[in-house]
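Trainee:
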Amino acid sequence: MKKIVRSSYLPMYIQISDIIREAIQNGELCENDRVWSEREIMDRFDVSRNTAQSAIDELVKNGLLTRIQGKGTFVSNWRVNIGLQSLVSFSEATRIKGKTPSSKIISFTTEEPSKSVAQKLEIEPNAAVYKLERLRLADDLPMMHEVSYLPVSLFPDLTRFDFSQESLFAVLEKEYQAQIGWQKQIIHPLISTAYEAELLSVSAGVPLIETEGITYLEDNTPIEVNRLIYRSDLYELSVISKRK
């Protein structure tokens, strides 16, 4: 078990919350496990009650722990598994977990694409694209920051839809008869910036998961370029590989 460093620039309650977070991430603490009480934290780390309470409060605020009156504090049933072998929307994956998905629109604009986006969408450099930036939530807990680019030519008047309430894939399939086929993704580790930390309710500098993807129709027409940033404490990515 790690110890806190009293000479560190990090407050002691943050160090303790990071130790508990790491125990959850590496499987020492599993979903629904009871975590240390404030008294146990005080004794284990030789800290005050206020420090112990602040450490637990930090993880409750971030959705990793849940307090149950009269019983204690437990690891939340929050981790969402995304199978990269199947193309499932955020809304679908969240409902599978038994949570209620929602979105906050950060911006929804029409603009000229960057060179990279134009190349990936296989459109002219001056062709218009939609840029849809959203914060994705489950039961009001921030889970993912998403930026999507789509060609205006394929989806005219897309801005009439309210994507704080509706699924992008569902609208494309129902309203535009888009036959979504597959997606190519590249996965990166990422250290959160102050902006991402504020959006996702995590501390600046914590590790995140970033994916960059291109979504294609069944006929291999690219229709979306996206950048997704996941909270690494609430998401895990799984892949099934076969040896040929």
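In this note's numbering, the protein residues as written are 4 to 247.
Virtual Cβ for every residue (Gly too), placed ideally from N, Cα, C.
What you are looking at is a predicted structure, and each value in this text was computed from that prediction instead of being measured.
Can you tell me which of Ser106, Asn53 and Asn35 puts its alpha carbon nearest to the alpha carbon of Ile71?
Mentor: The residue you call residue 71 lines up with position 68 of the sequence shown. Per the Cα distances, Asn35.
Trainee: Which word fits Arg9, buried or exposed, when buried means at least 16 other C-beta atoms lie within 10 angstroms of its C-beta?
Mentor: Within the sequence shown, numbered from 1, the residue matching residue 9 stands at position 6. So Arg9 counts as exposed.
Trainee: DSSP three-state call for Lys118: helix, strand or coil?
Mentor: Here residue 118 refers to the residue found at position 115 of the sequence shown. It is helical.
Trainee: Touching or not, the stretch 113-124 and the stretch 147-156, by the rule of three or more beta carbon pairs under 8 Å?
Mentor: yes
Trainee: Write down every uninterrupted run of the alpha helix (DSSP H) in the stretch 124-178 whose length is 4 residues or greater and which is fully enclosed by it, in chain order.
Mentor: 171-178
Trainee: Return the Cβ separation of Ala141 and Thr97 in integer angstroms, given the expectation that the two are a contact with Cβ distance under 8 Å.
Mentor: By one-based count along the sequence shown, residue 141 stands at place 138. By one-based count along the sequence shown, residue 97 stands at place 94. Their Cβ separation, rounded to whole angstroms, is 5 Å, which keeps Ala141 and Thr97 in contact under 8 Å.
Trainee: Output the boundary residues of the beta strand (DSSP E) element that contains Tyr233.
Mentor: Translated into positions along the sequence shown, residue 233 becomes position 230. Its beta strand (DSSP E) spans residues Pro225 to Arg234.
Trainee: Taking DSSP's pairing of strands, which residues face Val63 in a bridge?
Mentor: For the purposes of this step, residue 63 is taken as the residue at position 60 of the sequence shown. BP columns for Val63 are empty, so no partner.
Trainee: Which residue's Cα is closest to the Cα of Asn53: Met15, Ile194 and Leu240?
Mentor: The count along the sequence shown starts at 1 and reaches residue 53 at position 50. Nearest of Met15, Ile194 and Leu240 to Asn53, Cα basis: Met15.
Trainee: Quick one: what's Thr218 bridged to in DSSP?
Mentor: Counted from its first residue, the sequence shown places residue 218 at position 215. For Thr218, which the question treats as bridged, DSSP gives the partners Gln186 and Glu227.
Trainee: What's the call for His191, buried or exposed, on a 16-neighbour Cβ count within 10 Å?
Mentor: Counting from 1 along the sequence shown, the entry for residue 191 is found at position 188. Under this definition His191 is an exposed residue.
Trainee: Tell me the rounded alpha-carbon separation between Asp46 and Ile59.
Mentor: Mapped onto the sequence shown, residue 46 falls at position 43. Mapped onto the sequence shown, residue 59 falls at position 56. Going from the Cα of Asp46 to the Cα of Ile59 covers about 15 Å.
Trainee: Over what stretch of residues does the beta strand (DSSP E) that includes Leu68 continue unbroken?
Mentor: In the sequence shown, the residue the question calls residue 68 occupies position 65. Its beta strand (DSSP E) spans residues Leu68 to Ile71.
Trainee: Which one of Ser204, Ala121 and Lys102 has the shortest CA to CA distance from Lys64?
Mentor: As a first step, residue 64 must be located in the sequence shown, where it is residue number 61. Here the closest residue by C-alpha is Ser204.
Trainee: If Arg137 sits next to Ile108, beta carbons under 8 Å apart, how far is it from one beta carbon to the other, in whole angstroms?
Mentor: On the sequence shown, residue 137 is found 134 positions in, with the first residue counted as 1. On the sequence shown, residue 108 is found 105 positions in, with the first residue counted as 1. Confirmed, Cβ separation roughly 6 Å.
Trainee: Check whether the Cβ atoms of Ile217 and Lys123 lie closer than 8 Å to each other.
Mentor: Position 214 of the sequence shown, counted from the first residue, corresponds to residue 217. Position 120 of the sequence shown, counted from the first residue, corresponds to residue 123. In contact: Ile217 and Lys123 (Cβ atoms closer than 8 Å).
Trainee: Would you mind sorting Glu262 into buried or exposed? The rule is 16 or more other CB atoms within 10 Å of its CB.
Mentor: The displayed coordinates of the chain run from 4 to 247. Any statement about residue 262 would go beyond what the structure contains.
Trainee: Would you check if there are 3 or more beta carbon pairs closer than 8 Å linking the stretch 218-228 to the stretch 180-195?
Mentor: yes
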